[in-house]
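J.:
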Amino acid sequence: MRVIKPVGRDAAVRKYDILSALTAHALASDAQSQRLVLRLTVLITARYNWQRDELITGQKEIARMWCVDERTVKRDMARLRAMGWVIVKRQGARGRVSVLGLDLDRIMIDTRPSWTNIGEDFVQRMTGPEIPSAADNVVPFRRLDMPNQGDGLWRRVCEQLQTEDAAIFDAWFRPMIETGQAEGVLSLTAPSRFHATYLRTHLLSRLQSALRRAEPGMVAVRIEAP
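The numbering of the sequence shown is the UniProt record's numbering, which starts it at 1 and goes up by one.
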């Protein structure tokens with residue numbers, strides 16, 4: 001699956017693709033999930049800043065928009081954070097509301113089973129190569145039994161990444177080595193400077209999303225070169 005970034009020349013098309021994936025996913029889900037995705041979609045279309053990846057809206061305003069009470073807003077936003085779709089970029093304090101963001105990569109991965117309901121053209125567009133293509137630019141690594149991942153947190157993250165996209169995992173995530181954990185940050189070392197730069201530029205959000213799912217208390221990934 002290619003990285004989705006709704007900015008630049010094709011921004012409008014990418015935004016429609018994300019909204020199409022969300023709504024198709026909702027229609028294929030149960031009533032409770034449909035309501036949750038609809039509420040998120042309203043927030044995206046009405047208040048989300050695509051350029052800055054920011055959603056700055058207080059619970060009172062969201063409650064009015066959703067036609068619910070603030071307790072329902074608190075509950076549903078917690079569900080969206082637990083899913084990894086909504087992330088807290090800056091916690092609210094002293095009367096200021098929290099600054100939220102969207103993990104678009106996570107959203108597209110989770111909605112992928114419903115893409116065929118939109119059409120094969122949509123699936124083909126969404127499953128195009130990464131930029132640059134991992135298959136075209138990296139010598140494939142021989143499949144091993146995850147020798148670098150150990151038995152703890154990084155192994156759990158790797159298992160999730162491999163399930164989501166085995167080709168991307170083999171090319172970019174498998175060679176990474178865990179070098180430590182401190183204050184909610186997982187430190188990894190890449191096999192080369194180029195490898196580290198590519199991960200930071202193209203795949204960091206996917207990596208951080210998998211980390212939060214494996215261990216909600218972790219907040220970031222540090223990628224180092226040898």
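Note that the Cβ used here is the ideal one computed from N, Cα and C, for glycine as well.
Could you give the DSSP three-state label for V68: helix, strand or coil?
T.: The answer is coil: DSSP assigns V68 none of H, G, I, E or B.
J.: What would DSSP say about I223, mapped onto helix, strand or coil?
T.: Strand at I223.
J.: Among the residues of its own chain, which have a CB less than 6 Å from the CB of S98, if the five just before and after it don't count?
T.: Excluding sequence neighbours, S98 sits near V88, Q91 and G92.
J.: Below 8 Å CB to CB, which residues in the same chain sit around E224 once its five sequence neighbours on both sides are set aside?
T.: Taken in chain order, the residues that qualify are T179, S187, L188, T189, A190 and A196.
J.: Determine the closest residue to T57 out of Q51, V68, P175 and I44, with distance taken between C-alpha atoms.
T.: Checked all of Q51, V68, P175 and I44; the closest Cα to T57 is I44.
J.: In terms of residues, what are the limits of the beta strand (DSSP E) holding R200?
T.: It is not in any beta strand (DSSP E) - R200 carries neither H nor E in the DSSP assignment.
J.: Looking at the strands, I want to know which residues DSSP matches up with N49.
T.: The partner list for N49 (beta bridge, DSSP) reads E54.
J.: Which word fits V185, buried or exposed, when buried means at least 16 other C-beta atoms lie within 10 angstroms of its C-beta?
T.: So V185 counts as exposed.
J.: Could you check if D17 is buried or exposed, using at least 16 other CB atoms within 10 Å of its CB as the buried criterion?
T.: So D17 counts as buried.
J.: Out of L211, K15 and D103, point me to the one whose CA is closest to residue 230's CA.
T.: No information on residue 230 is available, as it lies outside the stretch 1 to 226 that the chain covers here.
J.: Hey, would you say E70 sits closer than 8 Å to A63, going by beta carbons?
T.: Their beta carbons are under 8 Å apart, which means E70 touches A63 by this criterion.
J.: Quick one: grab the DSSP three-state call for T111.
T.: Helix, per DSSP.
J.: Check the C-beta distance from D26 over to Q32 and give it rounded, since I have them as a contact under 8 Å.
T.: In the sequence under discussion, the amino acid at residue 26 is Ala, which differs from the Asp named in the question. That pair is no contact at about 11 Å.
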